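To start, the structure itself, in C-alpha cells.
Number of protein chains: 4
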Amino acid sequence: MTGNAKPAGTNTVRVAIVGASGYTGAELVRLLVRHPGAEIGVLTADRKAGRSLGAVFPHLAGAALPDLVALDTVDWDAVDVVFCGLPHGTTQEVVAALPSHLKVIDLSADFRLADADTYARWYGHAHRAPALQKDAVYGLSELAREAIAKARLVACPGCYPTAALLPLVPLIEAGGIVPEDIIIDAKSGVSGAGRGLKESTLFAEVGEGIHAYGVASHRHTPEIEQGLARAAGRPVAVSFTPHLVPMNRGILATIYVKLADGATADGLRAMLAERYRGEPFVRVVPEGAQPATRHVRGSNHCLIGVFADRLAGRAIIVSVLDNLVKGASGQAVQNMNLICGFAETDGLEQEPLFP
Amino acid sequence: MTGNAKPAGTNTVRVAIVGASGYTGAELVRLLVRHPGAEIGVLTADRKAGRSLGAVFPHLAGAALPDLVALDTVDWDAVDVVFCGLPHGTTQEVVAALPSHLKVIDLSADFRLADADTYARWYGHAHRAPALQKDAVYGLSELAREAIAKARLVACPGCYPTAALLPLVPLIEAGGIVPEDIIIDAKSGVSGAGRGLKESTLFAEVGEGIHAYGVASHRHTPEIEQGLARAAGRPVAVSFTPHLVPMNRGILATIYVKLADGATADGLRAMLAERYRGEPFVRVVPEGAQPATRHVRGSNHCLIGVFADRLAGRAIIVSVLDNLVKGASGQAVQNMNLICGFAETDGLEQEPLFP
Amino acid sequence: MTGNAKPAGTNTVRVAIVGASGYTGAELVRLLVRHPGAEIGVLTADRKAGRSLGAVFPHLAGAALPDLVALDTVDWDAVDVVFCGLPHGTTQEVVAALPSHLKVIDLSADFRLADADTYARWYGHAHRAPALQKDAVYGLSELAREAIAKARLVACPGCYPTAALLPLVPLIEAGGIVPEDIIIDAKSGVSGAGRGLKESTLFAEVGEGIHAYGVASHRHTPEIEQGLARAAGRPVAVSFTPHLVPMNRGILATIYVKLADGATADGLRAMLAERYRGEPFVRVVPEGAQPATRHVRGSNHCLIGVFADRLAGRAIIVSVLDNLVKGASGQAVQNMNLICGFAETDGLEQEPLFP
Amino acid sequence: MTGNAKPAGTNTVRVAIVGASGYTGAELVRLLVRHPGAEIGVLTADRKAGRSLGAVFPHLAGAALPDLVALDTVDWDAVDVVFCGLPHGTTQEVVAALPSHLKVIDLSADFRLADADTYARWYGHAHRAPALQKDAVYGLSELAREAIAKARLVACPGCYPTAALLPLVPLIEAGGIVPEDIIIDAKSGVSGAGRGLKESTLFAEVGEGIHAYGVASHRHTPEIEQGLARAAGRPVAVSFTPHLVPMNRGILATIYVKLADGATADGLRAMLAERYRGEPFVRVVPEGAQPATRHVRGSNHCLIGVFADRLAGRAIIVSVLDNLVKGASGQAVQNMNLICGFAETDGLEQEPLFP
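Protein chains in written order, with this note's numbering: chain A, -5 to 349; chain B, -5 to 349; chain C, -5 to 349; chain D, -5 to 349.
So this is what it looks like as C-alpha cells:
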C-alpha cells in the first residue's frame, strides 16, 4: 500500500509503542506513520509477539511497520520516545523499569492523579511508582505546554477529562463560573471501552440503545476534580455521569454551570474564544452552532459551544472531541511534538472524516 | 399474514386514526391491531389517500386494515374514538371540526399547554381552538387517570415530558426535591423527529455521532414546566437539553436534582417505588441497576433509577422509555383504555424487544 | 410490570427452557410469556443459577418468571416440553439424558443433520446421540407440519437455512429452478452470533462496516444442502456466503438461481405465492416490492420477493426474516404449537416493530 | 483550526470544485486541503452561494477556504482543473460550457458510458454533449493511467463499478474467468445516496435493517458491463444487485465467478496479486483473510480477496473500498495527480480510520 516513505534520518525521533494491540496503540500508529519527524521503531504486544500489526489490525496492513515483539525483548538504546498504551494498573511498573534516557508519554490513568491518597482511594491500592507519580506532568496540551515540553513523563488526560477541562479550566481561571456547581453529562462512543472482551460492549448489547454507567462513581471523576481544583485553587467536587452511545468514536460533554456574579453565557463564549484564539485544535463555535462529534471524527479537534440556560444565572457548555484522537492518541502525539520541538500540528493535520 | 382476528362485535370500540402515515400512526396500528376491544375502522392520510397502509408501511402489510382515505371523506357516525397523529399546528382546526360524539386522543402538541399565552409565546400564534384547549386533559396516564377517564379530549404528553414528569411529579408532590433546580439532559432516538424530509435526519447526518439541539429552547420545555408547576403549586422554570442519538427508538433522561432538606437519593427511590407500586408500566429499578432504552424497546414500559450524586445535597435520576410507545402511541392507547373502560394493559402487553 | 396473567390451568403445557441466558432463550421467554396455552415452569442456566432472569436480561424483569436453576436440579415430572437453547456440541448428551415423556424442541445445530458422516465431517467428531439424530424431525414448520406434529424431538432449522429453504424448497419441488446452480449471498445482524465473548462481535469491531465470513465454509452449508437434496431427490451442493451487518436483528438472503427450462421469474413468484397462500407467517411480496429486514423485525414473518435477472435464464430471490424469531425462537414456538395442538399463531401474533 | 498552510506558488494547480455542497464535494475538499500541489480556489454551490463551506459542512470549518459562489460567477482564467460533483444529468451542459483550457474531472455518471445508445436507453434521453462523451476517458486509475494522464475530460467511475472492475478486468484479461457468468452482490453505506432529501435515506428508514434495491436494474449496471466488455473484447451482460447497509461509508462487493478451464481460486488470487504488485492503493489480501469495509474507511484503498467456491468450477471474490474515496473523490484526486504529473499518492496518504 502507501507505505511509510520517511527515511530514518539523523533528526528522526525513534518511537516505541508499548501495548500496540489496543485501539489507542493502533491510533498512535495511524497518526505517527505520517509524522514527518518520527519513526516507529518498536511495537510491543506481549500476547501477540511475533505477529505483524497488520494481522492484528488489518486496516494498517499496508504500512511498513516492524512486527510486534514482547516488551522484555526491546533494545531501548534504539528508542527515544515511548508511548505507553497498556491498561490501567499494569503501567506503573513498566514505566518505572524503563531506562532514564527515554521520554515517556503514557496513555493510561496510572500517572494522571498527583495525589497518592486520591489514587489509592479510587484504584484500591497504593501507587507502585510514587516517585514517578510525583514527577509526571498532566498532559492537557493547550493548558500545560511549557511543563509538557520539559517533562520526562507525561500522563495524557483521559478522554472525558479532556472534554471537560478544555472548556472549564479557562472559565474557572477567568472567574466566569462557580467551581462548586458543575454538572457534566457526557456521552461516549464504544471504542473508549477498549478492545478487551466484555459482554457490555458486544454489538448486540450496545446497538440501538443508550444507557448511563458509573453514575457519580466513574474513575475519571477525580481526574476532572484535580483539574478543576488546580484552576480554582481549592478542592472541588464535580457531578459526572457518562453514557454509552451506539457509535464507534466521539465524546460529547454537556456541562451545566453556574455563572459567577455578572457573568453571562455570551461572556463565557468570549472568554473561551479569547483563550483559544489561534489554537490549531480547539475552536469555539459561533452562537447558535451545535458542536457534533461527527464534525471532529478522526481529527485532533475539540469544538466548544456555549448556550444561555433557561435557569437564571446558569449556562450550558457543549464540547466534542474524538475520544481516540484528542481524547487519547492525538493528544499524545501533540505532547510528543511539544517534547521534541516539532511543530505542534505535525502528524495531526487531517481534517475530520464526515460522514 | 396473521391478520386481525377480532370480530367487530357490539362491544367493540370503533377507532379512526387521523394522520396514519406517520410513525406514531403506524405505531398506533401496530398496537391496536392486537387490541381485544378496539377495531380500526378508519385510517386517514390526505396525500396518500387510496393507498393501502401496507404500501406506506410494509411491515403492516400483513394486517387486515382499511385503506387510507382523505380526512374529509370519513363517515364519523361509524367512529367512536379518534386518534389524531397530525403534525403540530394543523391539529387544532381538525379537532375543532370533529363531531361532538367522538372521544379524541391527540398525539400532537396542540392541546398540551393549558395557558393561552404560553402557547402563543412558544408557537408564535394564538391558539385556534381556545375553548377546546381549556377543556383538554393532559394525558399522563399514571398521574391523571380519573380526569382522563372522563375526558372528551386528551392531549397525550410529548415523549420528553413523559420521561421527565413520570419521575419528577411524584418527587415534587412528596417534597423530596427542590422544583427550582432541575436540569434535564435528554437523549432521543431519531424516530422522534418523524418521517418528514429533513437533512438533519438523513442517515449519514445522524449515524456515528451525537449532538445536542434546541438547547434551552426546545418546545417541550413549557410542557415540562407546566407539569412541574402543577406539582409544585407555583411557576417553575427548568433546564432542558435534548440530544439526538444514532438509534431508531428510545429516550433516556438524565435528571439532576437538588434534594429537599433531609431528603436522600435512597429516599427518592423509595418515594417513587411507593408511588408506582403495582403499576403495570412504570418500574423503579433497584439501587445500582442502570435503566437502558434497549430494555424498554417496543414496550409501554418506563424504567426509573435513582443515584446519589457526588455533589452534596443532589441526586441523579435516570428514566427511559420508548418514544413511540410510552412516549406517544402506547400512552395514547393506555388513555383510550381508561376512557373506554378497558383493562389498562389491553393491547400493551408485549415484552420489550431485546436485542 | 405487566406480569404473566395466565393461570396454570389443567390444559396448560408446562415448559422448560434449557439455556435461558442466551439470546434465543430470552427470545423464547419474550414469546412464551404471552402464549395463551404455555406456562414457563423452568429456566436453566448453569453458570447463572440462583439469579433471576431479570438480572441477566433486564428487559424481562417485569415478567413473572421462575429463577434460573442448574440443569441437574430440574424436576422433569413437572415439565411437558423442553426448549433447548444450548450451544452446538453440548446439546447432544443433554437431550439424550432427558426423560422420554418430554417433547424436545432443540434450537442448536446438533440434530439438524440426519446423515452421520456429514455431521462428523462438518463438526469434527462422531455424533454422541446417533439414535436420536436419526429420529429427529427437521422443523421447518411450513414444510413439515405433519412430521413435526408427531415428533418427540424437533431440530429447529438454523437462521440462514430457514431464509434459504423457505423459498428454495417449493421452487425445486415445483421444478422451477435447477438445484445444481444456486448461489446464496446472506446478510445477518449480529445477534446471530450469540452472547458469548468474541472480539469479532464487539461493537467497535462490527459497527460502521460489513464483511463476509465463513465464505464457502459456514456450518449452515450442509444443512441447506440437506434441505435442497431432499427437495431435489439427489445430492446438491450450494454456494453460500454469509456477511455480518451492523444491526442487531435480521437476515436477508439474496439468492441467485438458474431457471428450469420454460420457467420465468414471474412463474417462480406465482409458484411461491401458491405454495404459501393462506400461511400466517410467510408472504410473497408483489412484483417490484423490496423485502427488508426492518419489515419483519420482532415478528415470526418471512417475506419473499422474486426478480428477473439481467442474465438470461436466471432469477433473483430475496427473503428476509428476524434471525431470533422465525430464524430461531419463533419457529421453535410455532413447532411447539404444532406438537401441542395449539393454533399455529399462538404467541406469535405481534406485528413487526418498525422503525 | 489547522488551516491550509500551502502557499499558492507558481507550480500550484488551481482547483475549482463545482457542486461543493454534496458529500463528494466535501470529500474532495478534505483530501485536497492537504494536497501538496493543489490549491482550492473556487467552490461552487448555486443554492448556497455566499455561505462559507463551514456553514454547510461544519467539519471543514477549520480549513482556510473560499466561500461558496454561484457557478456563473466563476472566473475560469484563475482555474486549471475543475472537479465536477453535480448530480447526474445536470453535468453535461455545465461541462460542455467550460473553457477549453480547463482539465475536467467529472464525478457524475454523465460521461461514463461511451455508447450513445446505451446512455439513452438507461437515462431516458439523448446525451446533450455527445462530442465530449466520445472523448471522455473512463478514469479507473490503475487500469487506464496513460489515457487519463493525457485526457482533458476524465469520467470517474461509479463506486460500485470501481469495486467490481478492479478485480474483474484483470481476471478477464488474463483469461481466468468466464465473462458471461458473473454475479455481483454489492452492499453499500448510505452516503452513496448523497445528501438530497429522500424518505428512503432517513435514519429511521435505514437504521437497523438491510434491503436490496434496484435489483437487476441499477444504473451502474451498464457501466460495469462496459468495463467487462472492453476487457473481454465482446459484449457482456452482468447480474448486479446492490443493497443498502446501515453504515455511513463503504462498499463491499461479493462477486461470484465461473472459472475458465484450468483456472483455480488460488490462480485468480495470484493473477490479481501480480497485476497489482506495487500499487499503492490496491492490495490483494492473503488466502483466508477477509476484506472488510472498516479496514479501508476514509482511505483510497481497495482490498481484494479470492476464495474457492463450494460449487465446482467457481470462485468468490470480495472487494471493499470507501465509496466516497476510492469510489469517488479519492479516485478523482488520483486522476488529477496523473493529469498534473504529481506523485499518484499525493493527498491520498492517510491510513484508514478504524474503529
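Using N, Cα and C, we set each Cβ at its ideal position, and we do this for glycine too. Values in this document were obtained by computation on a predicted structure and should not be read as measured data.
Within 10 Å of its beta-carbon, does residue i have 16 or more other beta-carbons around it, so buried, or fewer, so exposed?
i: N317(B); result: buried
i: T195(D); result: buried
i: N5(A); result: exposed
i: L191(A); result: exposed
i: H119(A); result: exposed
i: A2(A); result: Because A2(A) sits at a pLDDT of 45, beneath the cut-off of 50, its placement in the model cannot be relied upon, and the following sentence gives the value as read from the coordinates. Exposed, since its Cβ has fewer than 16 Cβ neighbours within 10 Å.
i: P280(B); result: exposed
i: D111(B); result: exposed
i: K144(B); result: exposed
With H, G and I counted as helix, E and B as strand and the rest as coil, what does DSSP make of residue i?
i: R24(B); result: helix
i: Y207(B); result: coil
i: E136(D); result: helix
i: C150(B); result: coil
i: D129(A); result: helix
i: G299(C); result: strand
i: A98(A); result: One point to set straight first is that residue 98(A) is Val, not Ala, in the sequence displayed. Strand at V98(A).
i: T(-4)(C); result: Caution is warranted here: a pLDDT of 40 is assigned to T(-4)(C), below 50, making its placement in the model unreliable, and no coordinate value can be reported.
i: R271(D); result: coil
i: E345(D); result: coil
i: F234(D); result: strand
i: V200(A); result: helix
i: P93(D); result: coil
i: P161(A); result: helix
i: S182(B); result: strand
i: R41(A); result: helix
Could you compute how far the alpha carbon of residue i sits from the alpha carbon of residue j?
i: Q344(D); j: A10(A); result: 21 Å
i: E174(B); j: R224(B); result: 13 Å
i: N93(A); j: W70(A); result: Here residue 93(A) is Pro; the residue named in the question, Asn, does not match the sequence. Those two C-alpha atoms are separated by around 7 Å.
i: L96(A); j: A187(A); result: 29 Å
i: D179(C); j: D100(B); result: 45 Å
i: E199(A); j: P285(B); result: 13 Å
i: N(-2)(C); j: A283(C); result: Residue confidence is low: N(-2)(C) scores 44 on pLDDT, short of 50, so the model does not pin down where it sits. No coordinate-derived value is stated.
i: A259(B); j: I298(B); result: 13 Å
i: G79(C); j: A168(D); result: 50 Å
i: T235(D); j: G152(D); result: 15 Å
i: V172(D); j: A309(C); result: 19 Å
i: L347(C); j: F77(D); result: 44 Å
Out of the options, which has the shortest C-alpha to C-alpha gap to residue i?
i: L147(A); options: L160(A), A91(A) and H119(A); result: A91(A)
i: Q325(D); options: A138(D), A57(D), D66(D) and D40(D); result: A138(D)
i: A125(D); options: V27(D), Y132(D) and F105(D); result: F105(D)
i: Q220(C); options: L342(C), T156(C) and R269(C); result: T156(C)
i: P81(D); options: H53(D), S15(D) and K144(D); result: S15(D)
i: V312(D); options: A210(C), M330(C) and R308(C); result: A210(C)
i: H68(C); options: A55(C), G13(C) and D109(C); result: The displayed chain sequence assigns Val, not His, to residue 68(C). Closest option to V68(C), Cα to Cα, is G13(C).
> Quick check: the region 38 to 58 of chain B against the region 328 to 338 of chain C, are there 3 or more CB pairs under 8 Å?
Replying inline: no
> Is there contact here, the region 51 to 63 of chain C with the region 80 to 91 of chain C, by at least three beta-carbon pairs under 8 Å?
Replying inline: no
>> Would the region 225 to 245 of chain B count as touching the region 160 to 167 of chain B if we require 3 or more Cβ pairs under 8 Å?
In response: yes
>> If contact is defined by three or more beta carbon pairs under 8 Å, each pair taking one atom from either stretch, is the region 283 to 297 of chain A in contact with the region 228 to 247 of chain A?
In response: yes
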